Each structure stands twice: as C-alpha cells, then as structure tokens.
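Using our numbering, read the sequence shown as starting at 2 and increasing by one per residue.
Virtual Cβ for every residue (Gly too), placed ideally from N, Cα, C.
Just so we're clear, the structure is a prediction, and the values are computed from it rather than from any experiment.
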Amino acid sequence: MPAENVRTAAGCVDDFLVDIKDMNPDVYRRYTGRDNARVLENLPLLLNAVGPARVVLRVPLIPGFNASEDVKKSAEALGALGVAKFDFFTYKVV
Numbered sequence: 002m003p004a005e006n007v008r009t010a011a012g013c014v015d016d017f018l019v020d021i022k023d024m025n026p027d028v029y030r031r032y033t034g035r036d037n038a039r040v041l042e043n044l045p046l047l048l049n050a051v052g053p054a055r056v057v058l059r060v061p062l063i064p065g066f067n068a069s070e071d072v073k074k075s076a077e078a079l080g081a082l083g084v085a086k087f088d089f090f091t092y093k094v095v
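Right under this line is the structure:
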C-alpha cells in the first residue's frame with residue numbers, strides 16, 4: 002500500500018497484524034508472485050508511527066516454500082528493524 006495509506010491507517014487502527022511471508026525476496030516472490038519491497042518500505046514507517054508494541058509480525062512456515070531456518074533468519078532481520086512481537090505459525094497448504 003502507498004506510504005500515505007500507512008500514515009492514515011496509523012491514526013485510525015489500534016493494532017496491526019503484518020504478514021511478511023519471508024524476508025528472503027526469492028522465497029517471497031515464489032510464494033506471492035511479487036517482491037517484498039513495499040512491505041519492507043512500509044514496515045519502518047508503521048513502526049515509527051505507532052510503535053513496536055502495536056505491530057505483530059506474522060511469519061509463516063510455508064511447506065514447499067521456506068524452511069524453519071528461513072523463518073528464524075526472517076525473525077532476526079525483522080528484530081533488527083525494531084519488531085518486538087511475532088506470530089509464528091505453519092501454513093496448511095491444501
């Protein structure tokens with residue numbers, strides 16, 4: 002979403018759940034068909050606007066797309082950006 006929409010939402014929404022899929026751009030693109038650049042641009046804006054306590058990053062283990070080591074690396078990279086709250090889960094691909 003455009004940065005202006007992030008700023009607008011920051012003033013209207015109590016808490017944010019952000020799905021990152023994976024920090025590795027190749028994994029992200031394989032799963033979503035797009036790159037993760039927009040998410041990575043907007044995340045610091047959101048964290049600065051509302052603070053890390055109001056943002057939960059959802060980082061899935063997606064069978065056939067990433068491995069537990071990928072999830073761990075994603076969490077480490079996101080933590081370095083200031084993310085403090087995570088939701089780790091396994092996608093059930095049907």
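Handout entry: Per DSSP, the bridge partner or partners of R59
Key = DSSP output for R59 lists D20 and D88 as bridge partner(s).
Practice task
Decide yes or no for the touch test of the region 5 to 15 against the region 42 to 60: beta carbon pairs closer than 8 Å, at least 3 of them.
Solution key: yes
Problem - C-beta contact flag for V19 and R59 at 8 Å - result: yes
Exercise for the section: Quick one: using the 10 Å Cβ neighbour count with 16 as the cut-off for buried, is P26 buried or exposed? Expected result: P26 should be labelled exposed.
Exercise for the section: Give the secondary structure of V97 by DSSP, where H, G and I count as helix, E and B as strand, and everything else as coil. Expected result: Here the chain comprises residues numbered 2 to 95, so residue 97 is not present and cannot be evaluated.
Problem - Straight-line gap, V88 to R35 (C-alpha atoms, nearest Å) - result: Checking the displayed sequence, the identity of residue 88 turns out to be Asp instead of Val. For D88 and R35, the distance between alpha carbons rounds to 22 Å.
Problem - With 16 other Cβ atoms within 10 Å as the buried cut-off, status of S75 - result: Its Cβ being crowded by 16 or more others within 10 Å, S75 is buried.
Handout entry: Neighbourhood of R30 by C-beta, 7 Å cutoff - its chain only, sequence neighbours within 5 removed
Key = D36
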